[in-house]
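**Q** Structure incoming, see below.
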Amino acid sequence: MPRWSLTLGHYTVTSRRIIVERRVNGFRVRRSELLTDLTTPKLLEDGSIAFGDPRDQENPGHRASGLLVPPLVLHKVPDAEHVLDLIRQAQRDARG
Numbered sequence: 066m067p068r069w070s071l072t073l074g075h076y077t078v079t080s081r082r083i084i085v086e087r088r089v090n091g092f093r094v095r096r097s098e099l100l101t102d103l104t105t106p107k108l109l110e111d112g113s114i115a116f117g118d119p120r121d122q123e124n125p126g127h128r129a130s131g132l133l134v135p136p137l138v139l140h141k142v143p144d145a146e147h148v149l150d151l152i153r154q155a156q157r158d159a160r161g
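Take any residue in the sequence shown, note its place counting from 1, add 65, and you have its number in this note's numbering.
Encoded structure:
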């Protein structure tokens with residue numbers, strides 16, 4: 066599994082980043098994205114949190130280098146509405 070495709074696992078939201086970690090075949094895989102590079106997240110009908118819309122091929126964001134951020138949808142998020150509010154607040158704080 067490529068690191069950029071990681072969307073399931075343990076999520077951590079810091080004041081600057083969102084980090085997704087998971088074990089794949091016994092190896093720890095970690096994906097980290099700057100909150101300032103991502104678009105404002107949306108809550109999907111299935112309770113997932115998406116940066117951009119994967120169905121409409123909406124871009125999830127750009128890195129400072131100009132490269133596109135790979136799709137990021139957080140599946141199986143418990144209490145998704147509360148987590149969505151935390152991510153939005155962290156994004157506002159990071160963008161200052």
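Where a beta carbon is used, it is the ideal one built from N, C-alpha and C, also for glycine. As the structure is a computational prediction, the values presented were derived from the model and not from experiment.
Can you check which of these residues, Gly-74, Thr-101, Leu-100, Gly-131, is closest to Arg-88 by C-alpha distance?
**A** In the sequence shown, the residue the question calls residue 88 occupies position 23. Checked all of Gly-74, Thr-101, Leu-100, Gly-131; the closest Cα to Arg-88 is Gly-74.
**Q** Let me know if Pro-143 comes out buried or exposed under the rule of 16 or more other beta-carbons within 10 Å of its beta-carbon.
**A** If you number the sequence shown from 1, residue 143 lands on position 78. Pro-143 comes out exposed.
**Q** Where Thr-79 and Arg-95 are concerned, what is the direct C-alpha to C-alpha distance, given to the nearest angstrom?
**A** Residue mapping note: residue 79 aligns to position 14 of the sequence shown, counting from 1. Residue mapping note: residue 95 aligns to position 30 of the sequence shown, counting from 1. Rounded to the nearest angstrom, the two C-alpha atoms are 15 Å apart.
**Q** Restricting to Cα atoms, I'd like to know which of Glu-110, Gly-91, Asn-90, Ala-115 is closest to Arg-153.
**A** In the sequence shown, residue 153 corresponds to position 88, counting from 1. The shortest Cα separation from Arg-153 among Glu-110, Gly-91, Asn-90, Ala-115 belongs to Ala-115.
**Q** State buried or exposed for Leu-132, treating a residue as buried only when at least 16 other CB atoms are found within 10 Å of its CB.
**A** Here residue 132 corresponds to residue number 67 of the sequence shown, with the count starting at 1. So Leu-132 counts as exposed.
**Q** Tell me the residue span of the alpha helix (DSSP H) that contains His-147.
**A** Along the sequence shown, read from residue 1 onward, the residue named residue 147 stands at position 82. Run containing His-147: 145–160, per the alpha helix (DSSP H) assignment.
**Q** Does the distance from the CB of Gly-112 to the CB of Ala-145 come in under 8 Å?
**A** The count along the sequence shown starts at 1 and reaches residue 112 at position 47. The count along the sequence shown starts at 1 and reaches residue 145 at position 80. Cβ distance < 8 Å, so Gly-112 and Ala-145 count as in contact.
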